[in-house]
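Student:
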Amino acid sequence: MKTEKHLMVIDPAVVKPAIESFNRIANIAPYPVTYHLPALYGTKSLGMYNSNVMGIIVLGSAASVNDNNKWQQDISDIMVNASSKGIPVLGLCYGHQLIGHIYGGEVGPL
1 MKTEKHLMVI DPAVVKPAIE SFNRIANIAP YPVTYHLPAL YGTKSLGMYN
51 SNVMGIIVLG SAASVNDNNK WQQDISDIMV NASSKGIPVL GLCYGHQLIG
101 HIYGGEVGPL
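The UniProt record's numbering numbers the first residue of the sequence shown as 1 and each following residue consecutively.
1. For the candidate residues M54, E20, L46 and N52, whose alpha-carbon lies nearest to that of W71?
2. Once DSSP output is grouped into helix, strand and coil, what is the label at V14?
3. Whose C-alpha, out of A62, K85, M54 and K44, is nearest the C-alpha of I75?
4. Since P32 and E4 should fall inside the 8 Å C-beta cutoff, what is the C-beta to C-beta distance between them, to a whole number of angstroms?
5. Is the CB-CB distance between I25 and V9 below 8 Å?
6. If you compare alpha carbons, which of L110, L7, E106 and A13 is closest to L59?
7. Please classify G55: does DSSP put it in a helix, a strand, or coil?
8. Would you identify the three-state DSSP class for V9, choosing helix, strand or coil?
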């Protein structure tokens, strides 16, 4: 499957997807945007588009980065792989906690 370069939005929602946030991003993005819900629907879609990603945004979640679910490890692997290739990764709320967790930071309650 050949796809064009795009921005990957990962929504790690475990209860209610952040559709409104995705729509806002998609409406202002100068490039095509893909939307992924790995906690609710699995991580298969993440691998389908990984080679043409020009940036990744990881949104918020009610999940904890300390839960160690398979889907969280899959997201982490994609983020590390992208970062090692110079692809920008932006984490918002849960996403920035996951970045800290991946690189050895301690994430816990205040």
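For each residue, glycine too, the CB sits at the ideal point set by N, CA and C. Only a predicted model underlies this, so the values are computations on that prediction, with no experimental measurement involved.
Tutor: The answer reads as follows:
1. L46
2. coil
3. K44
4. 6 Å
5. yes
6. A13
7. strand
8. strand
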